[in-house]
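Worksheet for the structure shown next.
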Amino acid sequence: MSALGDTLEQFVAACNHNLRLQEMNHDWDRLILVQPDDAAEEHWIRYHAGVAAVVAADGEPDLIVEGASGVLVSIFSGASTPTEPYMSGDLRVRGSQDDVMRLDIIALLIWGE
Amino acid sequence: MAGLKRALPLRTAVTTSAGLASAAINFLAVAELAGYAGGRSGWLAILVAGVLVTLAAGNFSELTALYPSAAAIRVWIRRGASDQLSMVASLVYVGTVVFVIAADAFVLGHVFLAVLPGLPGLLWIAVLLGLVTLLNLRGIKVAGWVQDLNGLFLLGSLVVVSLLALDHVPAPHWHTVFQMGPNWIQALALGVFVFVGFEWVTPLAEEFQDSRVIPRGMFMALGLVTVAFGLFALAAQMVLPAHGLALSPVPQLLLGRAVLGGWGFWWMVVVSLTTAMTTFNGGLATASRFLYAAARERLLPPALSRLNDRLVPKNALVALAVGALVLAAVVYATGVYTLLINVGAAVESFMYALAAWLVLSLRHREPNRRRTFRVPGLPWVTVLTMVVFVGLGVGAATTASGIPGPVPWPLVFVAALTGIAWWYVRRIVPQLKSPVRAAGTSTRPDV
């Protein structure tokens, strides 16, 4: 598995170990596509009933997270906040603003500021 | 490229852009520019301003096609110029949102004063601003179709009332519709204010399936706003006496009454109310999310990224509402609303000039990056756009603001605002950005 794939597995595990996150996302049912723009790979995460899971490709996503592999690994591993690359245009997130904001809050709840 | 399950339609791009541009204070901006236009050519100033703003829309279209992001100008200026300039411009830009909310509150207060003279207008401003803030804090959102309908209601109402008014205009009046006075350029500069906010649809770029929808939406919205407010300006100058138009804080109510009597008055009351409430709601929701993001990257104090249990940035929202209320109270007490109009027109003109420069800069810095929209006429049309908007910005900033004396207060205000933002970015932001990263900090949501 790629470095990004490993990182996402750890991210999902971190989400599922956080009770506050599970409570916050209990009614957040979303399919997220994580797509590096410098590698021929894609990863899917489904959030359902407060539980996150890495899944196989499954229809149209609610959110698309795009950026260089290094940037994606950095933010999903908690090495950097998503805000900095987002504000510089190195991270792109397509989807509703509320969902984009919730992704940021998930990172905040797992790793803090 | 993968498609989104839920994407916004073109209709929403049009109505959002038109709705954000159509604030209740626009009625007073039209009245002010009509005074400078001379004759009855206020409509022409709006038409020409609309054409010029369309050039600016082309630049915003290329920028959003290059970097479709909710962070919009924060990203574009950072990529095309520098991080510091990006921070300063973003702070000044969000300040104009507060001005527009305060200005709309001023209009709203006077609409209530016209309807219920016994109660102070400021009370209504506080109640309604508080109501919108409370709804936002509770996470209650206005449905998209309601916003769509409201935008169309305003523009449609203006067109219908204006056409009815123009139907009874005596023939001699039509001879002055092209008569331009010596201060017509000032009228043109203020005409830019009518379109303020049309580009605030660009932060929604991530929510559309195709970022090319944004340019289409902006261009169609500018056409609608030009027609609706151009007709309103023409009808108001044709039907209302010049001094009545210049002195009234509610010219739209006067026109409604002149055309349709009591029905027309109440019709325009409803239009003013829904427009101002939409401005409050859209302005507070958009600007509070911007403050949240700015606080998350430590451009603003972390307290502003504090969320409530409904994931609403509560401190940012309350700070904006209080700021708008204080500003509205000052304007209401002093009556110098033209200062807000002139400052808004100046800031937006300078921002449109900056957008033109960013297009040039990013074509040079990132020539191979994919763009789904390219503004035509580069570089000459873009340079011309930049020069024209710098000129219009200076024109708006040096136009009389209702405060006696020779001091160009709008210019002083814009310079002070920019200076404070620059000082803040140079002195305070480095302290805020000290590398602190610890789980369990105070910005976590109250879940």
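Here the protein sequences line up with chains A and B, keeping their order. If you use our numbering, the first sequence corresponds to residues 83 to 195, in order. If you use our numbering, the second sequence corresponds to residues -15 to 431, in order. The beta-carbon is built from N, C-alpha and C at its ideal position, and this holds for glycine as well. All values derive from a computational prediction rather than experimental measurement.
The Cβ atoms of alanine 171/B and alanine 21/B sit closer than 7 Å to each other.
The beta carbon of glycine 307/B sits closer than 7 Å to the beta carbons of Val82 from its chain, once the five residues preceding and following it are set aside; these are given in chain order. Leucine 342/B places its beta carbon less than 7 Å from that of tryptophan 60/B.
Using a Cβ-Cβ cut-off of 8 Å, threonine 89/A is close to nothing in chain B; its nearest Cβ partner there is about 18 Å away. With contacts defined by Cβ atoms closer than 7 Å, threonine 263/B and aspartate 132/B do not form a contacting pair.
The closest CA to that of arginine 174/A, considering only Gly160/A, Asp180/A, Gln117/A and Ala96/A, is found on Gln117/A. Membership of valine 137/A in any alpha helix (DSSP H) is not indicated; the residue belongs instead to the beta strand (DSSP E) covering 133 to 137. The stretch 210 to 227 of chain B makes contact with the stretch 150 to 165 of chain B; the number of CB pairs closer than 8 Å reaches 3 or more.
Residue range 101 to 106 is occupied by the alpha helix (DSSP H) that includes glutamine 104/A. For glutamate 191/B, at least one C-beta of chain A is nearer than 7 Å to its own C-beta. Exclusion of the five residues before and after glycine 175/B leaves Leu17, Ala29, Ile30 and Ala33 as the residues of its chain whose Cβ lies within less than 6 Å of its Cβ. The DSSP-derived three-state label of phenylalanine 192/B is strand. Think of a sphere of 9 Å around the beta carbon of serine 156/A: no beta carbon from chain B falls inside it, the nearest being about 13 Å out. Your pair alanine 405/B and valine 72/B checks out as a contact, with CB atoms roughly 5 Å apart and the cut at 8 Å. Between phenylalanine 11/B and proline 285/B, the CB-CB gap reaches or exceeds 7 Å. At the C-beta level, valine 76/B and threonine 369/B stay beyond 7 Å of one another. In this structure, the straight-line span from the alpha carbon of glycine 19/B to that of alanine 384/B is close to 12 Å. Nearest C-alpha to tryptophan 251/B among Phe137/B, Pro104/B, Met202/B and Ser418/B: Phe137/B.
Counting along the chain, proline 118/A sits inside no alpha helix (DSSP H); it lies in the beta strand (DSSP E) bounded by residues 112 to 118.
Glutamine 179/A belongs to the set of residues whose beta carbon lies under 7 Å from a beta carbon in chain B. Under the 8 Å Cβ criterion, the stretch 191 to 206 of chain B counts as touching the stretch -15 to -4 of chain B, having at least three qualifying pairs. With contact defined as three or more Cβ pairs closer than 8 Å, the stretch 356 to 365 of chain B and the stretch 41 to 50 of chain B are in contact. The C-beta distance from glycine 377/B to serine 418/B rounds to 36 Å, too long to meet the 8 Å contact threshold.
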